[in-house]
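Scroll down for the structure; my scribbles are underneath it.
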Amino acid sequence: MYPTPYVASLRVFEPLEAFDPVDRLRWQNLDANHNSREEEQRLALERIIFPQPPSARPDGVHILDLDGARYISPWSTATRCWAALESFKGQFPPPLSHFFISPALEEVITSGMDFIDERVPHTLSETWIIPPRWFSIFTPNEREIGSDQHGPFSRARTTIAQAKARTKRAHETVEGAFGVGPVEEEIENLLEWLEIFHPESLVELDYGGLAGYLSAALTADGEEGLVADTSIEDVLLSLDGLAQGDGQIAGGGYERLVRRWRAVQAFETSI
């Protein structure tokens, strides 16, 4: 099991040549088989126990070597920590946030912020759930499932060109059906994020440790584990239904998706 088994990630891998020469030199000879996913999560847990500025140590990367080319997804630890802090603080009036995060801890998290050039994270993360908009980026044949030393895994990967085209279609479909609103805005933000990166990048959805919980939930329901996961199909069917103006089709796909992932979220309260 992963050190943080409740986190799913959407990652962008840019071609090595998209980075500056110093980083290219540093990353071109790294071992692509190094378990960077486990290391990233282990260090995240260490920071919870022993807080330290996220910019105080060299950051890691995830590596993909495909068809003779190397792709890099920096962890963007500092940027993600700062974004998470701002998101959390935004949920409360300013005086209340200090009851949850002390000024001293906030100073540790934000230390070195002015010296980091890269403010756009290559990874988006969610806990205990995968947003439907992430599934809309992929097709079923781009999904890979299996099992390794951490247990079941499920990943999907596509080109960023395909990801942007599919996200744009999802945005147009949702906006056409419901107009401007929170769901439409979230998809628009996803598209804007994808637009930032190199045009030959790859996009990967990694269930992380949620694959194990989903497999257990499906098996308990009499299904064949991750083989029975049709989350991508359900989202695409729902979008097709919206595009056709067929609420029954759209609702059917969405209801199956929600029911499946509600079973995963139930594990959070049982731990």
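First residue of the sequence shown? That's 1 in the UniProt record's numbering, and the numbers climb one at a time after it.
Positions of the beta carbon are idealized from the N, C-alpha and C atoms, including for glycine.
These figures come from a predicted structure and were not determined experimentally.
**Message:** If you follow the beta strand (DSSP E) that residue 125 is in, where does it begin and where does it stop?
**Reply:** The residue given as residue 125 occupies position 125 in the sequence shown. Here the beta strand (DSSP E) through residue 125 covers 123-127.
- prompt: Out of 131, 28, 188, 268, which has the shortest C-alpha to C-alpha gap to residue 217?
  reply: Locating residue 217 in the sequence shown gives position 217, where the first residue counts as 1. Per the Cα distances, 268.
Member of 239, 191, 225, 9 whose CA lies at the smallest distance from the CA of residue 152 = Residue numbering aside, residue 152 sits at position 152 when the sequence shown is read from its first letter. Minimum Cα distance to residue 152 is reached at 225.
Would you mind sorting residue 135 into buried or exposed? The rule is 16 or more other CB atoms within 10 Å of its CB.
In the sequence shown, counting from the first residue as 1, residue 135 sits at position 135. Looking at its Cβ environment, which holds 16 or more other Cβ atoms inside 10 Å, residue 135 is buried.
### Query
Run through DSSP, which three-state label would residue 151 get?
Start at 1 with the first residue of the sequence shown, and residue 151 comes out as number 151. Looking at residue 151 - three-state DSSP - the assignment turns out to be strand.
Would you list the one or two residues that DSSP bridges to residue 61? The count along the sequence shown starts at 1 and reaches residue 61 at position 61. According to DSSP, which records beta bridges pairwise, residue 61 is partnered with 74.
key: residue 187 and residue 165 closer than 8 Å at C-beta   = Reading the sequence shown from its first residue, position 187 is the one you call residue 187. Reading the sequence shown from its first residue, position 165 is the one you call residue 165. Their beta carbons are not under 8 Å apart, which means residue 187 does not touch residue 165 by this criterion.
**OP:** Please work out which residues of its chain come closer than 6 Å, Cβ to Cβ, to residue 49, disregarding the five sequence neighbours upstream and downstream, and give them in chain order.
**Re:** Within the sequence shown, numbered from 1, the residue matching residue 49 stands at position 49. Because residue 49 sits at a pLDDT of 49, beneath the cut-off of 50, its placement in the model cannot be relied upon, and the following sentence gives the value as read from the coordinates. Within the same chain, residue 49 has no close Cβ partners at all.
_Three-state class that DSSP yields for residue 15 in the structure shown_ = Working through the sequence shown from its first residue, we reach residue 15 at position 15. It is a strand residue.
Next item on the list: Closer than 6 Å by C-beta to residue 276: which residues in its own chain qualify, once you throw out the five before and the five after it? Chain order, please.
Entry: This structure does not reach residue 276, given that the chain is present from 1 up to 271, and the question cannot be answered.
Checklist line | Proximal residues to residue 173 (C-beta, below 8 Å), its chain only, five neighbours per side dropped | finding: For this step, residue 173 is matched to residue 173 along the sequence shown. Excluding sequence neighbours, residue 173 sits near 239, 242, 243.
Are the CB atoms of residue 32 and residue 63 nearer to each other than 8 Å? Counting from one through the sequence shown, the residue named residue 32 turns up at place 32. Counting from one through the sequence shown, the residue named residue 63 turns up at place 63. A contact, by the Cβ cut-off of 8 Å.
Rounded C-alpha distance that separates residue 198 from residue 14: Within the sequence shown, residue 198 is the residue found at index 198, counting from 1. Within the sequence shown, residue 14 is the residue found at index 14, counting from 1. Using only the alpha carbons, I get a separation of about 6 Å.
Worksheet item: Any C-beta of chain C sitting closer than 8 Å to the C-beta of residue 173?
Response: Annotation note: the requested chain C is absent from the structure, which comprises a single protein chain.
TODO: Take residue 201 as the anchor and find which of 5, 69, 21, 208 has the nearest alpha-carbon.
DONE: Locating residue 201 in the sequence shown gives position 201, where the first residue counts as 1. Nearest option by C-alpha distance: 69.
- request: Sort out for me which residues DSSP pairs residue 143 with in a bridge.
  value: Indexing the sequence shown from 1 puts residue 143 at position 143. Bridge partners of residue 143: 156.
For residue 212 and residue 22, I'd like the C-alpha separation in whole angstroms.
Position 212 of the sequence shown holds residue 212. Position 22 of the sequence shown holds residue 22. Their backbone Cα atoms lie some 38 Å apart in a straight line.
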